[in-house]
Amino acid sequence: MTVAGFTRYPPFIDDLARSESGRLLHAELGRRWPETTDQLTATARYALLPAGKLLRPMMTLHAAEAVGGSPRDVLAAALGTEYLHVATLVHDDIIDADTLRRGRPAVPVAFGIPGAIVAGDHLIFTAFRAIVDGGAAVPPGHVVAALTALAEAGQDLCRGQSIEAGLVGDLDAGARWYPEMIRLKTGSLFRAVCQIGALLGGAEPAVASALARYGEHLGVAFQIRDDLLSYVATPEQTGKPATSDLNNGRPTLPLLLAYDAATDTDRVELMAVLHRRGAGPGDVEWVTALLRDLDAVGGAHRRMVEHAERARAELAVLAPSASADVLAGIARWLTSEMA
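Structural data, given as structure tokens:
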């Protein structure tokens with residue numbers, strides 16, 4: 010499966026970034042993280058700015074507005090979700106030894122591994138402070154619930170990362186653990202950003218839970234989409250090396266589906282590629298051809314669409330609104346250029 014004209018962020022997401030909420034987030038992020046000579050703050054600022062599309066904090070703002078809250082009241086908390094997300098990227102680049110992030114040297118390359126570890130930790134603790142700062146307009150119980158949601162997401166992220174580390178080079182174990190691993194590693198933060206927005210927007214528990222489920226399914230779809238990028242986009246489009254997953258022996262969904270459908274001979278070879286971390290001559294080309302021949306990319310795409318549709322179904326609890334439309338639109342965006 011190939012996708013002609015793929016762009017990392019199609020017009021919908023670009024328009025969202027230029028919306029009032031997007032401009033508000035970008036302006037506030039720059040205000041809170043000005044240029045400085047303080048090394049720790051400068052390292053964190055480098056990780057955060059220039060910002061990406063701020064999808065996760067955007068979802069927090071629109072989840073809050075969709076339940077009747079004010080986006081400005083949850084602005085600090087929304088940025089807190091970005092701090093946690095970026096912290097995980099900094100630490101991931103250390104674990105994976107990736108040198109490129111968002112088209113420039115990754116934080117560990119630019120500032121060294123010790124500085125990157127501390128900056129990532131700093132962003133995590135700043136995220137919790139941001140939730141408190143963003144909860145001034147709601148009852149304390151909602152703030153506690155939002156902090157709990159962020160803490161649980163952090164715990165799940167770590168557990169998902171730990172599971173993934175145990176699956177390196179093992180496609181048999183990967184087939185068993187992949188769904189749970191991506192639910193924890195990626196689905197958990199998407200779950201939290203929506204739940205936090207709903208809670209700080211004043212939602213009833215049942216509505217906040219539905220938005221949490223929306224976020225979790227969306228996160229799973231997002232991770233599958235990320236798994237697919239190596240096979241449908243260039244490093245210039247994704248901002249990271251195309252061979253990153255193979256180099257780290259990571260069992261992504263396209264590889265797992267190919268392994269399940271492959272002959273015994275191809276299974277042995279696929280495992281060998283993962284064990285030598287895709288370093289052999291022609292490894293990447295061979296894997297890409299195998300995935301194409303076995304429709305593994307198409308199969309992964311179908312799984313992604315399923316989770317995106319399940320995410321949209323959870324939005325039935327919301328009254329019609331522009332923000333509810335945005336949340337539904339994000340789910341549609343995930344699959345729009347991989348159809």
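Add 9 to a position in the sequence shown, counting from 1, and you land on the number used in the numbering used here. Ideal placement from N, C-alpha and C gives every residue a C-beta, glycine not left out.
- Query: In this structure, what does DSSP give as the bridge partners for PRO114?
  - Reply: LEU109
- Quick one: measure Cβ to Cβ for ILE133 and ALA96, integer angstroms, because I've assumed they're closer than 8 angstroms. 5 angstroms
- Query: Within 9 angstroms (strictly less), CB to CB, does ASP275 reach chain E?
  - Reply: Given the protein chain composition of this structure (a single chain), no chain E is represented.
- Item | Presumed contact (8 angstroms Cβ cut-off) between ALA320 and LEU327, rounded CB distance | With 8 angstroms as the limit, ALA320 and LEU327 do not qualify as a contact, their Cβ atoms being about 13 angstroms apart.
- Who are the Cβ neighbours of GLY183 in its own chain at under 7 angstroms, not counting the five residues just before and after it? LEU176, PRO260 and LEU265
- Task: Take SER239 as the anchor and find which of VAL293, ARG311 and ALA26 has the nearest alpha-carbon.
- Result: VAL293
- Work out the CA separation of LEU324 and ALA219 for me, nearest whole Å. 7 angstroms
- Query: Just how far apart, CA to CA, sit PRO188 and ASP179?
  - Reply: 15 angstroms
- Task: Could you pull the start and end residues of the alpha helix (DSSP H) that PRO149 belongs to?
- Result: 149 to 176
- What residue from ALA73, THR50 and ILE172 has the CA that sits closest to GLY210's CA? ALA73
- Mind checking ILE339: buried by the 16 CB within 10 Å criterion, or exposed? buried
- Query: Since VAL83 is in the alpha helix (DSSP H), which residue starts that stretch and which ends it?
  - Reply: Per DSSP, VAL83 belongs to no alpha helix (DSSP H) and is neither H nor E.
- Query: Do three or more CB pairs link the stretch 115 to 131 to the stretch 61 to 69 at distances below 8 angstroms?
  - Reply: no
- Query: DSSP three-state call for THR11: helix, strand or coil?
  - Reply: In this predicted model, THR11 has a pLDDT of only 42, less than 50, meaning its place in the structure is not dependable enough to derive any value.
- Task: Kindly give me the distance between the Cβ atoms of ALA217 and LEU208, rounded to whole angstroms, as I take these residues to be in contact under 8 angstroms.
- Result: 5 angstroms
- Task: Consult DSSP for LYS62 and reduce its assignment to one of helix, strand or coil.
- Result: coil
- Item | Pairwise C-alpha distance: ARG111 and SER345 | 22 angstroms
- Message: Output needed for ALA221: all residues of its chain with C-beta closer than 8 angstroms, excluding positions within five of it in sequence on either side, in chain order.
- Response: ALA158, ARG200, ALA201, CYS203, GLN204 and ALA207
- What's the C-alpha gap between ALA331 and ALA75? 8 angstroms
- Query: Given a threshold of 16 other Cβ atoms within 10 Å of its Cβ, counted over all protein chains shown, does ALA322 qualify as buried or as exposed?
  - Reply: exposed
- Do you know offhand how far ASN256's Cα is from LEU283's? 8 angstroms
- Message: At the level of alpha carbons, what is the spacing between ALA48 and TRP295?
- Response: Looking at the sequence shown, residue 48 is not Ala but Gln. For GLN48 and TRP295, the distance between alpha carbons rounds to 44 angstroms.
- Would you mind sorting SER171 into buried or exposed? The rule is 16 or more other CB atoms within 10 Å of its CB. exposed
- Query: With distances taken between CB atoms, is the gap from ALA51 to GLU44 smaller than 9 angstroms?
  - Reply: yes
- Message: Between the alpha carbons of TRP42 and LEU93, how many angstroms are there, rounded?
- Response: 15 angstroms
- From ASP130 to LEU98, what does the alpha carbon distance come to, in whole angstroms? 12 angstroms
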